[in-house]
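To start, the structure under review is shown below, and the notes come after it.
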Amino acid sequence: MSLFARMIAVLTFVGLLSGGFLATVGHLTKDRIALNKQKEIEQAIVSVVPGTQSSKKIYEEEDLAVYGGKDEHGRLLGFAIQASGIGFQDKIIIMLGINPAITQINSLAVLEQTETPGLGARIVDRGSFLQFWENKDCGQPLSLRKPPASSKQDLGPSEINTITGATISSEAVLNTVNVSLARIKELLKEGKLSSEEGDVK
Amino acid sequence: MSNRTISQEYLKGLWEENPVFRQLLGMCPTLAVTNAMINGLAMGLATSFVLIFSSLVVSSIKKLIPSQVRIASYIVIIASFVTIADRFLAAFFPPLSKNLGPYVPLIVVNCIILGRQEAFSSKNTVGRSLTDAVGMSTGFIFALLVLSAIREILGMGTFFGLPVMGVWFKPWVIMVLPAGAFITLGILLGLFLFIEHKTKVRS
């Protein structure tokens, strides 16, 4: 065989073989990876809307998904909003739990972030950041307290402590929350957030 | 062809030709993922998997590959194993896969792997290539663990996530940031050169 033909034959063979191999691996792990993602979202919903027995996606658009969390009697306990915004380095994806009337935040969870370890990455830490979001009033847009208040009790009903040294990351989360709260109030007015079975979009 | 004994073939990767400290290869993962020991270990294991299997495949089909297309063939083989490692981590260890982020796919361009294929597996027997790959992997894991242990202990006060420093300890945030990686690596390289110099002078 000429060299030229051998080069083509070898590269084709190597390419085909690894292609086939990868297709098999992809097929074998696909379901598990999807399941992991779904599990993570479900866990986040239960953590931000406590008592949730079943949850359902009731609305979706770019950078925003709304889930309704229901108890065992099918009563709506609250909404879990999955939203994303730009942080210091990359997208931050959060899950925000609010009551059905959209007046109070239950709690906040961070699903994905690539903030600076030790600084911005503390947005995932309950002690330094997430605890301030619990049971906050969200009738009006929330705001950051800077420099941070020394105790949780000193904060206003819709005030959040800034993480010292990570103002940008704190602001990124705050903006994402405020933007998605404004959007979800609009959606509620437009009647797109009904949790009744027939209205599911 | 290499004329070392099999045990020398393995041991050279640990010290004499350590991929990180002596050959200065694979600096991107070395610097980027060593902010915590678990990340360093996972990266080390993923790279080892790719290195060992690529060496195995390359050394067994080395006679079939025309030298004009060898690099392209090596890259395809390496990339396949990297993709397998990446999918495996995402399926079975989702938190780790998240921490390592884009660095797992980047193993494809880790020069340690391509370097070993070109410098060793393409010229040696399957057994020797395998020993060499295992040795280099051990050396790489060793280097990542040393680096990440120093950075994690000083930067977070923990060892594999377990607190080891007392309450008095204030973490040096810089150690988990990129600058801490460069500082630690620089000091370690200097230290290893110093040790080598001393032993050479003595003998």
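Each protein sequence line maps, in turn, to chains A and B.
Taking our numbering as reference, the numbering of the first sequence is continuous, increasing by one, and the terminal residue is 201.
Taking our numbering as reference, the numbering of the second sequence is continuous, increasing by one, and the terminal residue is 1203.
C-beta: ideal position from N, C-alpha, C; glycine also.
Distance between residue j and residue i (C-alpha atoms, nearest Å)
| i | j | result |
| --- | --- | --- |
| residue 97 of chain A | residue 190 of chain A | 20 Å |
| residue 59 of chain A | residue 68 of chain A | 9 Å |
| residue 1057 of chain B | residue 1077 of chain B | 8 Å |
| residue 111 of chain A | residue 1008 of chain B | 47 Å |
| residue 1015 of chain B | residue 1022 of chain B | 8 Å |
| residue 42 of chain A | residue 55 of chain A | 8 Å |
| residue 1037 of chain B | residue 1149 of chain B | 6 Å |
| residue 1189 of chain B | residue 1130 of chain B | 27 Å |
| residue 171 of chain A | residue 106 of chain A | 19 Å |
| residue 102 of chain A | residue 85 of chain A | 20 Å |
| residue 1174 of chain B | residue 1154 of chain B | 9 Å |
| residue 70 of chain A | residue 1024 of chain B | 56 Å |
| residue 81 of chain A | residue 130 of chain A | 16 Å |
| residue 1135 of chain B | residue 1051 of chain B | 10 Å |
| residue 1140 of chain B | residue 158 of chain A | 50 Å |
| residue 175 of chain A | residue 1012 of chain B | 54 Å |
| residue 1088 of chain B | residue 45 of chain A | 26 Å |
| residue 1157 of chain B | residue 1171 of chain B | 6 Å |
| residue 1195 of chain B | residue 1201 of chain B | 10 Å |
| residue 1193 of chain B | residue 1108 of chain B | 29 Å |
| residue 63 of chain A | residue 1010 of chain B | 51 Å |
| residue 9 of chain A | residue 1029 of chain B | 34 Å |
| residue 14 of chain A | residue 1082 of chain B | 15 Å |
| residue 200 of chain A | residue 192 of chain A | A caution first: residue 200 of chain A carries a pLDDT of 40, below 50, which makes its placement in the model unreliable, though a value can still be read off. Using only the alpha carbons, I get a separation of about 9 Å. |
| residue 1183 of chain B | residue 1177 of chain B | 10 Å |
| residue 1019 of chain B | residue 1072 of chain B | 22 Å |
| residue 1084 of chain B | residue 1186 of chain B | 33 Å |
| residue 1 of chain A | residue 16 of chain A | 20 Å |
| residue 1167 of chain B | residue 128 of chain A | 17 Å |
| residue 1043 of chain B | residue 186 of chain A | 45 Å |
| residue 1110 of chain B | residue 1040 of chain B | 15 Å |
| residue 1075 of chain B | residue 3 of chain A | 20 Å |
| residue 52 of chain A | residue 65 of chain A | 17 Å |
| residue 95 of chain A | residue 123 of chain A | 13 Å |
| residue 1127 of chain B | residue 1106 of chain B | 27 Å |
| residue 109 of chain A | residue 1079 of chain B | 35 Å |
| residue 1069 of chain B | residue 20 of chain A | 20 Å |
| residue 1003 of chain B | residue 1191 of chain B | 30 Å |
| residue 1114 of chain B | residue 1104 of chain B | 15 Å |
| residue 99 of chain A | residue 49 of chain A | 8 Å |
Buried or exposed (CB count within 10 angstroms, at least 16 for buried), residue i
| i | result |
| --- | --- |
| residue 1169 of chain B | exposed |
| residue 151 of chain A | exposed |
| residue 198 of chain A | Its pLDDT being 39, under 50, residue 198 of chain A is placed unreliably in this model, and the coordinates cannot settle the point. |
| residue 1199 of chain B | exposed |
| residue 1144 of chain B | buried |
| residue 38 of chain A | exposed |
| residue 126 of chain A | exposed |
| residue 156 of chain A | exposed |
| residue 115 of chain A | buried |
| residue 1137 of chain B | buried |
| residue 87 of chain A | buried |
| residue 135 of chain A | exposed |
| residue 148 of chain A | buried |
| residue 35 of chain A | exposed |
| residue 1047 of chain B | buried |
Paired residues, beta bridge with residue i - DSSP
| i | result |
| --- | --- |
| residue 1142 of chain B | Its beta-bridge partners do not exist; DSSP assigns none. |
| residue 160 of chain A | A:144 |
| residue 104 of chain A | A:137 |
| residue 123 of chain A | Note: residue 123 of chain A sits in no beta bridge, so no partner. |
| residue 149 of chain A | Residue 149 of chain A pairs with nothing; no bridge assigned. |
| residue 1175 of chain B | In the DSSP output, where bridge partners are listed per residue, residue 1175 of chain B has none listed. |
| residue 115 of chain A | Paired residues: none, contrary to the question. |
| residue 1085 of chain B | In the DSSP output, where bridge partners are listed per residue, residue 1085 of chain B has none listed. |
| residue 96 of chain A | A:81, A:108 |
| residue 1162 of chain B | B:1159 |
- Do the stretch 160-175 of chain A and the stretch 70-82 of chain A make contact, defined as three or more Cβ pairs closer than 8 Å? no
- Query: Should the stretch 1055-1073 of chain B be regarded as contacting the stretch 1114-1126 of chain B, the criterion being three or more beta carbon pairs within less than 8 Å?
  - Reply: Result yes; three or more Cβ-Cβ pairs closer than 8 Å.
- Message: Closer than 8 Å is the cut-off here; do at least three beta carbon pairs connect the stretch 1090-1097 of chain B with the stretch 1027-1035 of chain B?
- Response: Contact fails: fewer than three Cβ-Cβ distances are below 8 Å.
- Secondary structure, alpha helix (DSSP H): runs of 4+ residues fully inside the stretch 1098-1160 of chain B: 1111-1116, 1126-1156
- Three-pair Cβ contact test at 8 Å for the stretch 130-145 of chain A versus the stretch 20-39 of chain A: no
- Query: Along the chain, which unbroken stretches of the beta strand (DSSP E) at least 3 residues long are found entirely within the stretch 11-91 of chain A?
  - Reply: 54-61, 64-70, 76-86
- Query: Taking a cut of 8 Å between CB atoms, which residues from the stretch 1150-1169 of chain B lie near chain E?
  - Reply: Here the protein chains are A and B, and chain E is not one of them.
- Item | Contiguous alpha helix (DSSP H) assignments of at least 4 residues, all confined to the stretch 1025-1064 of chain B | Within the stretch 1025-1064 of chain B, the complete alpha helix (DSSP H) runs of at least 4 residues are 1027-1032, 1037-1061.
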